[in-house]
Amino acid sequence: MLHLLRSAGHPESDEALGAMFRARKSVFVDLLKWDVPVLGGTFEVDQFDDVHATYLILLDDDARHLGSARLLPTTRPHILGSLYPELCAAAVPRGPDMFEVTRFCLDRGLTASGRRIVRDTLVAGLVEHALARGITAYSAVAEIGWFQQILAFGWRCRPLGLPRMIERRMLAALRIEITPETPGLLAAAGIRAMPVPAGERRLAA
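My numbering applies: residue 13 is where the sequence shown begins, and numbers increase by one.
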């Protein structure tokens, strides 16, 4: 089930939020070795996880994390504008109808086919959320491998500047246009929301 949440204080104040912050620590800190804050040795929580953040969290029937993403308003401090403005060839794009997609997280316990299903379901959920709330564009910062995947999803998407090596990672910024045609463009590329079969949920129960 896909949940839409805002921060409610401490990560343990909500089951879905707690599962997401634990998964983020497992992926971004333990696996990818990002130098980001960890709360209590358990939760990856940074300065942007405040009352202005919105979260899309996909859980299985047992309330275990499958995937998640964070949305930040670009009219406030956000990752591209605050940390990596040099990734934009022109001014950092901002606006009340533009949000930044950050912390796109797929659970480490998923099988390869499960990861694809969860990824596609989250992408479709981001578009559905945008269309329902008048969001016309997303921005994002991504490592080059993920950046290339995003460009290939079929939606209208363009780089905001040339990739740069920053802190030993090749990073790029991009802008994704969201219109009523976007779901059809994604579907044509094979990207659509799907239920995750029980056997694909985890490599190990």
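Glycine included, C-beta positions come from ideal geometry on N, C-alpha and C.
Rank the options by C-alpha distance to the C-alpha of residue i and give the top, closest one.
i           : options           : result
residue 108 : 68, 15, 147, 75   : 147
residue 28  : 87, 199, 76, 160  : 76
residue 114 : 137, 192, 80      : 80
residue 208 : 106, 124, 93, 105 : 124
residue 151 : 96, 59, 122, 24   : 96
residue 191 : 140, 73, 69, 164  : 140
residue 58  : 87, 132, 23, 193  : 23
residue 85  : 173, 63, 117      : 63
residue 74  : 104, 161, 13      : 13
residue 126 : 160, 171, 106, 72 : 72
Is DSSP giving residue i helix, strand or coil here?
i           : result
residue 216 : The predicted model places residue 216 with a pLDDT of 42, which falls under 50 and marks its position as unreliable; any figure quoted below should be read in that light. Coil.
residue 133 : helix
residue 141 : helix
residue 176 : strand
residue 41  : helix
residue 206 : coil
residue 23  : helix
residue 101 : coil
So, residue i versus residue j, is the Cβ gap smaller than 7 Å?
i           : j           : result
residue 112 : residue 90  : yes
residue 18  : residue 54  : no
residue 35  : residue 119 : yes
residue 166 : residue 143 : no
residue 70  : residue 83  : no
residue 246 : residue 16  : Residue 246 is absent from the structure shown; the chain starts at 13 and stops at 217.
residue 173 : residue 101 : yes
residue 162 : residue 182 : no
residue 110 : residue 149 : yes
residue 168 : residue 187 : no
Since residue i contacts residue j with CB under 8 Å, what's their CB separation in whole angstroms?
i           : j           : result
residue 201 : residue 154 : At roughly 18 Å, the Cβ-Cβ gap does not stay under 8 Å, so residue 201 and residue 154 are not in contact.
residue 285 : residue 176 : Outside the shown range of the chain (13 to 217) lies residue 285, about which nothing can therefore be said.
residue 203 : residue 135 : 6 Å
Residue i: beta carbon under 6 Å from a heavy atom of the ligand FMN?
i           : result
residue 168 : This structure does not include the ligand FMN; it has no bound ligands of any sort.
In the DSSP assignment, what residue or residues form a beta bridge with residue i?
i          : result
residue 96 : Residue 96 is not bridged to any residue.
residue 66 : 18, 83
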